[in-house]
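Numbering (the working numbering), first residue to last: 19 to 163. Note that CB positions come from ideal geometry on N, CA and C, so glycine has one too. Keep in mind that this is a model prediction, so the values were computed, not measured. Please read the structure below before turning to the comments.
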Amino acid sequence: MIKVICLGKLKEKYLQELVQDYVRRINKYHKLEIIELKDEEDLEREASNILKYIDGKDYVITLEIEGKALDSISFAKLLDETFITHSTITFVIGSSTGLSKRVKDRSNYQLSFSKLTFPHGLFRGILLEQIYRSFKINNNENYHK
């Protein structure tokens, strides 16, 4: 299973449609669950909410600007190799104020998509697209570049 824990709800219809499209695509390969949590001003309260949805056996990938940058092939390999030892990969997308130290400490892998800052909803779509691309790569299927 893949879980994506996100802070805040998508309000824009075009972003909701983008996310729904990639959820449908990914579910052909693997079960995907998106967990939307309330965006809190208090990072510690937010951390408690996030950690409730992370099982002790989950492999947790936090999306952090300070994390390691990968290309799509390396990202696909990371997912493929992680599923050998873990049944669930949980991605955590923080709020505009970032992630608490407790969530970062629970992370198995800190991943950065860029040094740039993206709008939260758009980034959710970008993450899902890369997860979908990973399944296409790992299954030797054609996908646009």
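Residues of the same chain with a CB within less than 6 Å of the CB of Gly116, apart from the 5 flanking positions on each side, do not exist.
In the three-state reduction of the DSSP assignment, Lys29 falls in the coil class. Note: Tyr77 is bridge-paired with Ile107 in the DSSP secondary-structure output.
Ranked by Cα distance from Glu54, the first of Glu62, Asp73, Lys86 and Gln34 is Gln34. Within 10 angstroms of the beta-carbon of Ser118 lie 16 or more other beta-carbons, which makes it buried. Around Leu28, the same chain offers Gln34 and Gly139 as residues with beta carbons nearer than 6 Å, after the five sequence neighbours per side are excluded.
Between Ser125 and Glu64, the gap from beta carbon to beta carbon reaches 8 Å or more.
Bridge partners of Lys21 according to DSSP: Glu51 and Thr108.
In this structure, DSSP gives Tyr71 a state outside helix and strand, which the three-state scheme calls coil. Under the three-state reduction of DSSP output, Tyr150 falls in the helix class.
The region 62-82 makes contact with the region 98-109; the number of CB pairs closer than 8 Å reaches 3 or more.
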